[in-house]
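Novice: Numbered according to this note's numbering, the sequence shown spans residues 102 to 209.
Even glycine gets a Cβ: it sits at the ideal position worked out from N, Cα and C.
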Amino acid sequence: MKNTSFHIIALLAAICWMVSPPAYADWINLSGAENAANIAEIYINDDHVRIELEIFVNDMVVFDRLMPDDFFQGTGIKRPPLDGSWKIAGLELLAEKRIDPYGAAKSK
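Written as structure tokens, this is what we have:
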């Protein structure tokens, strides 16, 4: 009797193991980046460092002059002037607007 109940339990466990679908773990992001407006991904390689920026459209003015003008020479890319406003995706952003690090947006 004792041996038979062990075989039944082992058989049921084997059947459950065979018919159950495989389980996959899901990674939970603890950095809070899913709520951030601007995200920087930094990749450090052997011979160079690559930084990819995902910038919220309202913050583009802050990141406008991140690249120097001579970086675009010879590429055919025409950079909009800093004076005046931009037209990006149908939205008009004032280039003179500066963002206060403590939360208040100010105009120059």
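1) Ordered along the chain, which non-local residues of its own chain (more than five positions away) have a Cβ less than 8 Å from that of I152?
2) Assuming N136 and D160 are in contact, meaning their beta carbons sit under 8 Å apart, how far apart are those beta carbons, in whole angstroms?
3) What number of angstroms, rounded off, separates the C-alpha of L167 from the C-alpha of V158?
4) When you compare only the Cα positions, how much space is there between F107 and S132?
5) Assuming A141 is part of the beta strand (DSSP E), what are its boundary residues?
6) Who does I152 pair with in a DSSP beta bridge?
7) Spatial neighbours of V120 within its chain, please: C-beta separation below 8 Å, excluding the five flanking residues on both sides.
Specialist: Short version:
1) For the purposes of this step, residue 152 is identified with residue 51 of the sequence shown, where counting begins at 1. Counting only Cβ-Cβ distances below 8 Å, and skipping sequence neighbours, we find A141, E142, I143 and Y144.
2) As a first step, residue 136 is located in the sequence shown; it is residue number 35 there, counting from the start. As a first step, residue 160 is located in the sequence shown; it is residue number 59 there, counting from the start. Their Cβ separation, rounded to whole angstroms, is 15 Å, which puts N136 and D160 out of contact at 8 Å.
3) Against the sequence shown, residue 167 aligns to sequence position 66. Against the sequence shown, residue 158 aligns to sequence position 57. So the two alpha carbons sit approximately 15 Å from each other.
4) For this step, residue 107 is matched to residue 6 along the sequence shown. For this step, residue 132 is matched to residue 31 along the sequence shown. Approximately 48 Å, taken between the alpha carbons.
5) For the purposes of this step, residue 141 is identified with residue 40 of the sequence shown, where counting begins at 1. Unbroken beta strand (DSSP E) run through A141: I140 to I145.
6) Against the sequence shown, residue 152 aligns to sequence position 51. For I152, DSSP records a beta bridge to I143.
7) Here residue 120 corresponds to residue number 19 of the sequence shown, with the count starting at 1. Apart from sequence neighbours up to five positions away, no residue of its chain approaches V120 with a beta-carbon distance below 8 Å.
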